[in-house]
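The structure appears below as structure tokens.
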Amino acid sequence: MAKSNSLIRRYAKLQKLHSEIMQKPKNNARQCVHSLKAFKSYIKTYRQIIGVENGDATFIYTQL
């Protein structure tokens, strides 16, 4: 199963969002708004990747 170009871009976006989430907050009091938005986008991107990979797996196994 070869990764499509869009899937590679989604993995790169997922990695970027992960690094943004894991950054140390500027003040130690609360969660940063940017990391909260990144977390919501991370979940959305992750679901998109899973959807594409499940579709590819379904297609491959129907060919057998």
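Read in order, the letters of the sequence shown correspond to residues 4 to 67 in the working numbering. By construction, the Cβ of each residue, glycine as well, lies at the ideal position given by its N, Cα and C atoms.
Counted within 10 angstroms of its Cβ, other Cβ atoms place residue i as buried (16 or more) or exposed
i, result
"THR48", "buried"
"MET4", "Below a pLDDT of 50, predicted positions are generally treated as unreliable, and MET4, at 48, falls in that range; no measurement from the model is reported."
"ALA41", "buried"
Contact with chain B by residue i, beta-carbon distance below 9 Å
i, result
"LYS47", "Within the model displayed, chain B is absent; a lone protein chain is all it includes."
Residue range of the alpha helix (DSSP H) that includes residue i
i, result
"ASN57", "36 to 65"
"ASN31", "Careful: ASN31 lies outside any alpha helix (DSSP H) and carries neither H nor E."
Member of the options whose CA lies at the smallest distance from the CA of residue i
i, options, result
"LEU10", "THR61, GLN66, SER38 and ARG50", "ARG50"
- Message: With three or more beta-carbon pairs closer than 8 Å as the criterion, would you say the region 10 to 23 touches the region 38 to 54?
- Response: yes
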